[in-house]
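One structure is given here, and the rest of the page talks about it.
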Amino acid sequence: MKIGFIGLGVMGSRIAKKMLEGGNQLVVYNRTVTKTENLVALGAQRANDIASLSKECEIICSCLSMPEDCEHIFQNTVLPYARTGTVCIDFSTVGVKTSQRIYTQAKENGISYLDAPVSGGPEGVEQRTLTIMVGGEQEAFVKVLPLLKLFAETIEYLGESGSGSAAKLINQYLVAVHSVAASEAMVAGASFGLDPEQLVHLLTASYGTSRMLERHMKHYVLDRQFQPGGAVKYVHKDVKLANQLFNQAGIGDKLGELAETGFHRAIAEGFGNEDMSAVIKPLEKLCNVEVKRVY
62 MKIGFIGLGV MGSRIAKKML EGGNQLVVYN RTVTKTENLV ALGAQRANDI
112 ASLSKECEII CSCLSMPEDC EHIFQNTVLP YARTGTVCID FSTVGVKTSQ
162 RIYTQAKENG ISYLDAPVSG GPEGVEQRTL TIMVGGEQEA FVKVLPLLKL
212 FAETIEYLGE SGSGSAAKLI NQYLVAVHSV AASEAMVAGA SFGLDPEQLV
262 HLLTASYGTS RMLERHMKHY VLDRQFQPGG AVKYVHKDVK LANQLFNQAG
312 IGDKLGELAE TGFHRAIAEG FGNEDMSAVI KPLEKLCNVE VKRVY
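In our numbering, the protein residues as written are 62 to 356.
Shown next, in the form of structure tokens:
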């Protein structure tokens, strides 16, 4: 199949590579042209613009940072040029209403649109263990399922348009809450003189563990390495959208609002482009401690 891929960031570039390794023809576009170079060297074709990519590909994938980017690109440069029968797969994390608006326009143009956000980070792509949450037409989902299996392990079709986005925002709500809770726990432990590495060992063997505690501490915080797998600013965007979703469900006061504040504070203090685990840094500053490995 001839596949177009728009958005070659940390996740998009890796997903696109797996598609290329799966024997597919790949046409790529990224606003920053240099991000296409590695894939072009592996055999991908570089598109000059999104319109030309949309005209020639039967499946069009996107992995973008912000909801407004998705809406603008699909409504103005993908859907007007894509052929009838094209399937669009959006791996981005956006709001439910954003997915539904794009779906509606796509359907009017005879095009299928799947909201298919992913979870698992860059390592999940590399190990082919990603989770994909899919909303949209089931017929389109069945058509692209073999493609999704090239880089994901858990692939769930959830129902009508927006279902995938709703599930992903619920996931991101927990990511944000658990991240802030883990950060608070570790900073409190350091404040009382506990060895951070020993505390992580104890917590990850106990009921208090979480995947975010293990991820953040073992792979980022203890070694003071904050090169992003998923940046603070994106988790803040996600939990903000998740809180809006929870409001619509009728849930008032919630932990997600505190998590949103914690991530906003990290951005305000200059850590927005660092890994999401850097949400711990303002807490460390507040308590005058640093959670790190003691050699």
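Ideal Cβ placement from N, Cα and C applies to all residues, glycine included.
Predicted, not measured: the structure shown is a model, and the values here were computed from it.
**OP:** Check whether the segment 63 to 78 touches the segment 182 to 196, taking contact to mean three or more Cβ pairs, one atom from each stretch, closer than 8 Å.
**Re:** Yes, the segment 63 to 78 touches the segment 182 to 196.
Subject >> Nearest-angstrom Cα separation, counted from Y142 out to Y218 >> reply: Those two C-alpha atoms are separated by around 27 Å.
Original post:
Roughly how many angstroms lie between the CA atoms of P343 and T270, to the nearest whole one?
Top reply: Straight-line spacing of the CA atoms in P343 and T270 works out to 22 Å.
Original post:
CB A243 to CB V296, shorter than 8 Å?
Top reply: No, Cβ-Cβ distance for A243 and V296 is not below 8 Å.
Original post:
On the three-state DSSP scale, how would you describe A292?
Top reply: Three-state result, A292: strand.
Subject >> Residues bridged to Y218 [DSSP beta-bridge criterion] >> reply: Paired residues: V195.
Subject >> Unbroken stretches of the beta strand (DSSP E), 3 residues or longer, contained in the segment 88 to 142 >> reply: Runs of the beta strand (DSSP E) inside the segment 88 to 142: 120 to 123.
Original post:
Using the rule of at least 16 other Cβ atoms within 10 Å of the residue's Cβ for burial, across every protein chain shown, is K358 buried or exposed?
Top reply: Lying before the first or after the last residue shown, residue 358 is absent from the chain, which here runs from 62 to 356.
Original post:
Between G225 and P289, which are expected to be in contact by the criterion C-beta below 8 Å, what is the C-beta distance as a whole number of angstroms?
Top reply: In fact, because the Cβ distance is near 23 Å, the residues do not count as touching under 8 Å.
**OP:** Please work out which residues of its chain come closer than 8 Å, Cβ to Cβ, to D256, disregarding the five sequence neighbours upstream and downstream, and give them in chain order.
**Re:** Cβ neighbours of D256 beyond the five flanking positions: V355.
Original post:
By Cβ distance, which residues of its chain are closer than 7 Å to V139, with the 5 residues on each side in sequence left out?
Top reply: Same-chain partners within the cutoff: I111, S115, I121, C149.
Original post:
For A227 versus V157, is the C-beta spacing smaller than 8 Å?
Top reply: For A227 and V157, yes; Cβs fall inside 8 Å.
**OP:** Measuring alpha carbon to alpha carbon, tell me which of N334, G311, E321 ends up nearest D299.
**Re:** The residue among N334, G311, E321 with its C-alpha nearest the C-alpha of D299 is E321.
**OP:** Could you work out which residue in L175, I216, V203 is closest to T192 when comparing CA atoms only?
**Re:** Among L175, I216, V203, the Cα nearest to that of T192 belongs to I216.
Subject >> Reduced DSSP category for L175 - H, G, I as helix; E, B as strand; rest coil >> reply: Note: L175 maps to strand in three-state DSSP.
Subject >> Local Cβ density within 10 Å of R276, reported as buried at 16 or more and exposed below that >> reply: When all chains shown are included, R276 counts as buried.
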